[in-house]
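A.B. asks: Okay, handing you the structure first.
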Amino acid sequence: MSQSFKNAPQNAITDSQIARVIPCRELSMSDPINWLKLGVQDAMRAPILTLFFGIVFAAIPWLITYLVKLTGWHLVIMPAIVCFMLIGPFLAAGLYDISWELEKGHKPSLWHSIKAVKRNAVNEWGLGILLMVLMIFWLRVASLIHALYPPYLDENYQNLLPFLALGGVIGAGFTLLVFFLSAFTQPILMERKVDLATAVLTSMNTVWSNKLPMLFWASIILIAVLIGFATQFLGFILLMPIIGYATWHGYIDSIEVKRKRLYA
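Reading the sequence shown from the start, the letters are residues 682 to 945 in my numbering.
Printed below as a string of structure tokens:
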């Protein structure tokens with residue numbers, strides 16, 4: 682796999698002087714497929730851990746849906762889905778650790794993966810807080826949309842459709858924003874002793890400099906999420922770990938490193 686990197690192109694991100702922006706490689710449209718292949722290899726090499734994290738990822742939306750049914754507030758389904766996508770990158774830290782351990786020739790363990798978030802704890806928790814703020818902001822917007830729903834209308838599909846459509850469009854915007862901010866932020870913070878601003882701006886620069894390949898990668902993630910929900914969350918058991926592993930390989934393939942990296 683080619684590891685030819687370029688200096689970060691001049692744009693509003695690299696010229697901001699807010700923090701150091703680590704140079705990125707110019708990606709091709711085939712690169713996300715290669716990341717998926719490497720993710721599948723990692724899943725096959727660590728099947729027990731893959732199953733564990735997959736069950737966790739499947740349990741979260743199941744619990745959200747159960748609470749929705751319990752409360753009867755059907756309009757919370759869309760914001761709950763987006764919330765799941767907002768916190769997904771933060772929860773994937775354990776999966777990134779597994780791929781990193783496999784790359785180094787080590788045997789990954791659950792405890793080692795759980796401790797992954799502590800390597801750059803202040804900045805990684807800062808990322809978690811950033812995602813949480815975005816999640817809370819989205820929930821407030823969703824509450825406003827819900828407040829627009831006339832109380833005299835029956836909660837059937839025809840009446841709910843305009844509000845679900847509005848929530849879907851706004852939710853898609855929030856999701857793209859989160860992807861722009863955090864596509865590779867978590868892996869950067871895990872591997873490098875850098876501040877949160879450097880990690881976020883580096884991730885943003887990578888996405889901005891490779892709009893089409895990264896949009897393709899975002900669409901792959903979206904399809905995986907849709908398949909997960911279409912299969913009553915069972916698809917998450919396999920798909921979410923593969924996406925997590927693939928994201929780690931995408932980070933290594935996209936952003937300049939100090940030494941040559943090995944691939945499984």
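Ideal Cβ placement from N, Cα and C applies to all residues, glycine included.
Under the rule that 16 or more other beta-carbon atoms within 10 Å means buried, what is Gln-867, buried or exposed?
C.D. replies: It is buried - the Cβ of Gln-867 has at least 16 other Cβ atoms within 10 Å.
A.B. asks: Measure the alpha-carbon distance for Leu-919 versus Thr-731 and round it to whole angstroms.
C.D. replies: Cα to Cα, Leu-919 sits roughly 7 Å from Thr-731.
A.B. asks: Have a look at Ile-745, Ala-797, Leu-842, Tyr-926 and flag the residue whose alpha-carbon is nearest the alpha-carbon of Asp-723.
C.D. replies: Of the listed residues, the one whose Cα sits closest to Asp-723 is Tyr-926.
A.B. asks: Return the chain-ordered list of same chain residues with a C-beta closer than 8 Å to the C-beta of Asn-801, the five sequence neighbours on each side being excluded.
C.D. replies: Within the same chain, Asn-801 has close Cβ partners Leu-870, Met-871, Arg-873, Lys-874, Val-875.
A.B. asks: Should Phe-818 be listed as close to the ligand GDP, given that the test is whether its C-beta is under 7 Å from any heavy atom?
C.D. replies: Absent from the structure shown: the ligand GDP. Ligands present: none.
A.B. asks: Where does Tyr-926 fall in DSSP's three states?
C.D. replies: Of the three classes helix, strand and coil, the one that applies to Tyr-926 here is helix, per DSSP.
A.B. asks: Run through the stretch 717-760 for me and flag every whole beta strand (DSSP E) of 3 or more residues, listed as ranges in chain order.
C.D. replies: Within the stretch 717-760, no complete beta strand (DSSP E) run reaches 3 residues.
A.B. asks: Measure from the alpha carbon of Asn-715 to the alpha carbon of each residue in Val-938, Ile-795, Ile-923, then state which is nearest.
C.D. replies: The option with the nearest alpha carbon to Asn-715 is Ile-923.
A.B. asks: In the DSSP assignment, find the alpha helix (DSSP H) that holds Met-816 and state where it starts and stops.
C.D. replies: Unbroken alpha helix (DSSP H) run through Met-816: 802-828.
A.B. asks: Going by DSSP, what residues sit across from Ile-936 in a beta bridge?
C.D. replies: For Ile-936, which the question treats as bridged, DSSP gives the partners Cys-705.
A.B. asks: Do Leu-857 and Ala-739 have their beta-carbon atoms positioned less than 8 Å apart in this structure?
C.D. replies: No, the Cβ-Cβ distance between Ala-739 and Leu-857 is not below 8 Å.
A.B. asks: Can at least three beta-carbon pairs, one atom from the stretch 787-796 and one from the stretch 843-858, be found at a separation below 8 Å?
C.D. replies: No, the stretch 787-796 does not touch the stretch 843-858.
A.B. asks: At the level of alpha carbons, what is the spacing between Gly-807 and Thr-887?
C.D. replies: Near 20 Å, if we compare the C-alpha coordinates of Thr-887 and Gly-807.
A.B. asks: Determine the contact status of Ile-779 and Glu-937, defining contact as a CB-CB distance below 8 Å.
C.D. replies: No, they are not a contact pair.
A.B. asks: Would you report the Cα separation of Leu-896 and Ala-911, rounded to the nearest angstrom?
C.D. replies: Whole-angstrom Cα-Cα distance: 22 Å.
A.B. asks: What span of residues does the alpha helix (DSSP H) with Met-710 cover, start to end?
C.D. replies: Neither: Met-710 is in no alpha helix (DSSP H) and is coded neither H nor E.
A.B. asks: Within the continuous alpha helix (DSSP H) that includes Asn-886, where are the two ends?
C.D. replies: Asn-886 -> alpha helix (DSSP H) spans 877-890.
A.B. asks: With H, G and I counted as helix, E and B as strand and the rest as coil, what does DSSP make of Ala-773?
C.D. replies: Coil, per DSSP.
A.B. asks: Less than 8 Å separating the beta-carbons of Trp-898 and Pro-713?
C.D. replies: Contact flag set, yes.
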